[in-house]
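Report on the structure given below.
2 protein chains.
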Amino acid sequence: MQVETARIAPVQPDPDKLERARLRLAAELGPEAFRQNQTGLAEFRDPFEGPGATRHQPSFVVQPGSVSEVQAAVRIAAEAGVHIWTSSMGRNFGYGGSAPAVNGGVVLNLRRMNRVLDIDVPNACVRIEPGVTFQQLYDELQAQDAPLMMSVPDLGWGSMTGNALEHGYGYNVMGDHGSAVCGLEVVLADGQLVRTGQGAITGSPLWSCHRRGFGPSIDELFKQSNLGIVTQLGVWLMPRPEMFATGTIQCEGDEDIVPLLEMLRGLLLDGVLQGIPMIVSNPASHGGGDEGRGGFTADKLRQVLRPGRWNVRIGLYGHAAMVAARRKILEQRVGAIPGAVLELREYPGDATREMVEPRDLIAAGIPNMVLQDRLKGVFGDTLGHMDFSPVLPATGEAALRAEAAVRDKLQQYGLIGPFGLLLTGRSMVSASMVLFDASDAAHVGAAKQAVSELYDTAASWGCTAYRAHVSLVDQVAAKQDFNDHALASVYARLKDALDPAGLLSPGNHGIWPGGGMARN
Amino acid sequence: MQVETARIAPVQPDPDKLERARLRLAAELGPEAFRQNQTGLAEFRDPFEGPGATRHQPSFVVQPGSVSEVQAAVRIAAEAGVHIWTSSMGRNFGYGGSAPAVNGGVVLNLRRMNRVLDIDVPNACVRIEPGVTFQQLYDELQAQDAPLMMSVPDLGWGSMTGNALEHGYGYNVMGDHGSAVCGLEVVLADGQLVRTGQGAITGSPLWSCHRRGFGPSIDELFKQSNLGIVTQLGVWLMPRPEMFATGTIQCEGDEDIVPLLEMLRGLLLDGVLQGIPMIVSNPASHGGGDEGRGGFTADKLRQVLRPGRWNVRIGLYGHAAMVAARRKILEQRVGAIPGAVLELREYPGDATREMVEPRDLIAAGIPNMVLQDRLKGVFGDTLGHMDFSPVLPATGEAALRAEAAVRDKLQQYGLIGPFGLLLTGRSMVSASMVLFDASDAAHVGAAKQAVSELYDTAASWGCTAYRAHVSLVDQVAAKQDFNDHALASVYARLKDALDPAGLLSPGNHGIWPGGGMARN
């Protein structure tokens, strides 16, 4: 199948084109693909865009139910001259949900493609469609009593595929979700169906088991990009451990983060600690939230933070003897940091939701909504957040510098937000949420401005975002400036090679058709 | 810098073009870049091609000393209309060394670019140029007393870069060398210099520490491919462990491989075992070697094999308490396989070459030439080998099936070779060497024919090579046949996007310019 390759301008398509596309999609894909439109587009906008937003507006949403319907949608959109913006569930709320970079994009949402295609217990991996949520896979594993443990992010309602393709993180052993992917099925812009890795061999028994095929692996090209539509992927899980221990390390001094991070990084690289320790700070001064803005105050923020100046959540997994050895080494090391307190709770590996304290569900790999419930309980249902999430060196100095920058910037704009760090090993990812009242346009605008300016600050450290809100992607991508933005020019060449019409998600992660930079 | 993009036909260039290229390269790069030519081309041919070989013949070798010389070489070759075949050290002897797919290719060999650019102890990583060998980095780490442990392949004389870019394997914790790469510098076919990952940010502190940047990672595109010339890369090592234990598990029954692999796979996925266990078989019948062929007999083969029907080499690393826990679990599991014998030797993590038994050097991460010395000691200096190395399911059934296929095929051609397996976790890679007398053209031809036929057999299992001899790459690549070879068509699109002239290593891993398949 080959579709027309007339270039689709990366600007808002005219209403006639959109209507033509909508009618043809309805005729070919049927009413099921348009059921969501009846309840309105709200769910596919940026959930925190605020009143009166005019950018990143989708035109309509179409939900194909199969690979052949995805192929049909691609063909129809190309022929009609409108662009597609792909989302899996669209739950990445801090980054814009399903909102397209370019107004008028047709949201191709993959929620209906939600089959768990394979659960391979001996190899601890699964094969899923993009609509499968963390919660859904967990339920399926429980129903089959499959002795596997998942890694889950803070909220369990999102698509595993969407999260992995965005380089998302969870927290336990397989917490680098992008790296847990093994073997994709992808629909290209011209409708061609490609299987990557071992999946390129018809009848391969190893599609979800071995990462590379013969020749270069192209899996990474379809993460944080707009080069194809992923319709299936393999994910590596961990075998259910005999037991696990989770809890916190708490320190009270500002500077304790220096020895703390040095210890944690060393133990991660040594293989004593596993997964991705999550560090939250709780400083004396918390930015500039004031009562004038719907009660977004530092006092309220403190209600949702864990205790301690620095509070690290960790997990130890495995056979009881291994966990005991890990614990003993950890206790010795924590003991060497004056004032540091280690607290661990132990669970059997097959602990169910009912057996696990809510604060330990993440470490247990059990999907949940605890964080959102807590935040909304304090800040109300109109709570919105935008995330400042640069990649940083895994040092206390980098943590203190970033924390100070966030605090000062939030102070400047009268904002608040928790400052967090995900320790990924040789690096860490700041996970700072800037909180606001999404029903207040000025509050939304202030948050966006603050995060944008923080990325300029991060650039002065040689750092940029691991992931960014759709409205900031061009700014963030532009920080990759080595040799006159050589990497961006490679992205443009790849885009033009695989999607010469510029059909798929123009502007996603700052990648535009036609070799250009931002033009929205 | 932009070079001409006139298409260079992927056939042997005419002598005038080659001479023009050679003269211009000599003029611009100077005599140092041509020193190796004075000792002849032998070292840059397929070392085991045998007498009278006519294919995969390089024209001459040029050795740039810097990135700018690589860029100059690319420009000159493009202008002269000759293609370049890149090699790092060229020590991948079982796969063809530096021999190009197309006769007359100019070998661009990177041995002179051999700087260790950075050793980052806290983050357990290094940044190196492509000419750095395993041995050289080891010596450098020793000289600086850097507490890091390497993963090394069987022979320590090769380029770390070349090995990693070929998806090569070592055996200890960071044994998946392709996955240990973090951040490349690449010269593209038009001379453009690109830094990938965090290196795309000027002044990034994280180039060797964090794998991905913002947007898709392109690092994998430059492995097993011909899309650019890698001039620098980051490599993750492990912190030097407090201690390690290494040794073997030995079983005597043919069918013992079934519970053995099940146990090993489970312990690897559980995190009890680390690295890449190496399994060697020693069956009653060893293929068909006979005295008529330079003494390549099964009796001689037995002299170099480890004892036992199945013999697994393993390693346990870390803090003493962790190693003890690993060992205890392993002992219990091995005890559950009747007749299986575990033997382990313990070393301090900083054990030097002098302290480690030769058979344990690999597990110690100390580069060595033990395997070659042993093989040549038995089979003589004209020993050659060609490797059959498919990716297989990590099961005993797959092992027995592959072993039988290799034995039968070698029997048919009067050949011998050890049958080995690298257990990579959810999959395994067969590492079977077919041995021959490289001074005997008929013996060479028989080996090549046998390996080629074995890949046809592997395809019937849905499996193909993880890596292949240059003369077999088209055959192997063609096994990736899903949806009318859709993956190959993506490769062709990427090749034409990044190297429209078809300048770089045409035919490498079956990727040809112009969107075609094999045409040599």
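Here the protein sequences come in this chain order: A and X. The numbering used here puts the first residue of the first sequence at 1, with every later residue one more than the last. The numbering used here puts the first residue of the second sequence at 1001, with every later residue one more than the last. Backbone N, C-alpha and C define an ideal beta-carbon position, used for all residues, glycine too.
Amino acids of chain X, ordered along the chain, whose beta-carbon sits closer than 9 Å to that of residue i
| i | result |
| --- | --- |
| T196(A) | L1487 and V1490 |
| I218(A) | E1220, L1221, L1487, V1490, Y1491 and L1494 |
| Q71(A) | Per Cβ cutoff of 9 Å: no residues; Q71(A) is ~12 Å from chain X at best. |
Assigned exposure category for residue i - 16 Cβ within 10 Å defines buried
| i | result |
| --- | --- |
| S1225(X) | buried |
| A465(A) | buried |
| V608(A) | As shown, chain A starts at 1 and ends at 520. That puts residue 608(A) outside it, with no answer to give. |
| D1154(X) | buried |
| S285(A) | exposed |
| M1355(X) | exposed |
| L1108(X) | buried |
| T86(A) | buried |
| K1448(X) | buried |
| S204(A) | buried |
| L1023(X) | exposed |
Secondary structure of residue i, DSSP reduced to three states
| i | result |
| --- | --- |
| H385(A) | strand |
| S1427(X) | strand |
| V1003(X) | Legend: pLDDT at V1003(X) = 47, less than 50; position of this residue unreliable, value from coordinates given subsequently. Note: V1003(X) maps to coil in three-state DSSP. |
| I257(A) | helix |
| Y466(A) | coil |
| R1333(X) | helix |
| T395(A) | coil |
| S68(A) | helix |
| Y491(A) | helix |
| I218(A) | coil |
| L504(A) | strand |
| E1403(X) | helix |
| H509(A) | helix |
| L1023(X) | helix |
Listed by chain order, chain X residues near residue i by CB distance under 8 Å
| i | result |
| --- | --- |
| I329(A) | H1319, A1321 and M1322 |
| H167(A) | R1212 |
| V272(A) | G1318, H1319 and M1322 |
| T202(A) | G1462, D1481 and F1482 |
| S239(A) | Contrary to the premise, residue 239(A) reads as Pro rather than Ser in this sequence. The contacting residues are G1266, L1269 and D1270. |
| S225(A) | G1215 and P1216 |
| A465(A) | F1214 |
According to DSSP, residues forming a beta bridge with residue i
| i | result |
| --- | --- |
| N1311(X) | Q1250(X) and V1280(X) |
| I1201(X) | Paired residues: none, contrary to the question. |
| P561(A) | Examination of residue 561(A) is not possible in this model, given that chain A is present from 1 through 520 alone. |
| F436(A) | G384(A) |
| T86(A) | L108(A) |
| R1345(X) | T1246(X) |
| I366(A) | Its beta-bridge partners do not exist; DSSP assigns none. |
Residues that residue i contacts on chain X, provided the C-beta gap is smaller than 7 Å
| i | result |
| --- | --- |
| A477(A) | F1214 and G1215 |
| P205(A) | P1393 and G1462 |
| L498(A) | R1493 |
Contact set between residue i and chain A, taken where Cβ atoms lie within less than 7 Å
| i | result |
| --- | --- |
| G1199(X) | F482 |
| H1509(X) | F214 and G215 |
Neighbourhood of residue i by C-beta, 6 Å cutoff - its chain only, sequence neighbours within 5 removed
| i | result |
| --- | --- |
| R45(A) | A99 |
| R1306(X) | V1280 |
| Q1274(X) | V1173 and Y1317 |
| A398(A) | L392 |
Nonlocal neighbours in the same chain, by C-beta distance under 7 Å from residue i, ignoring five residues either side
| i | result |
| --- | --- |
| L268(A) | L423 and G425 |
| F1034(X) | A1026 and V1062 |
| R1519(X) | Low per-residue confidence applies at R1519(X): pLDDT is 40, beneath 50, and the placement is therefore not dependable enough to give any value. |
| P1277(X) | L1264, V1312, R1313, I1314 and L1423 |
Neighbouring residues, chain A, relative to residue i (Cβ below 8 Å)
| i | result |
| --- | --- |
| R1359(X) | Those do not exist, as R1359(X) stays about 24 Å from chain A at its closest Cβ, beyond 8 Å. |
| A1325(X) | H319, A321, M322, A324 and A325 |
Under 9 Å by beta carbon: chain A residues contacting residue i
| i | result |
| --- | --- |
| A1468(X) | F214 |
| G1178(X) | R211, R212 and S217 |
| N1123(X) | R265, L269, P393, A394, G425, R426 and S427 |
Residues near residue i by beta carbon distance below 8 Å, same chain, minus five either side
| i | result |
| --- | --- |
| A1320(X) | E1242 and M1243 |
Below-8 Å beta-carbon distance, residue i vs any chain B residue
| i | result |
| --- | --- |
| C251(A) | Of the chains in the structure shown, none is chain B; the protein chains are A and X. |
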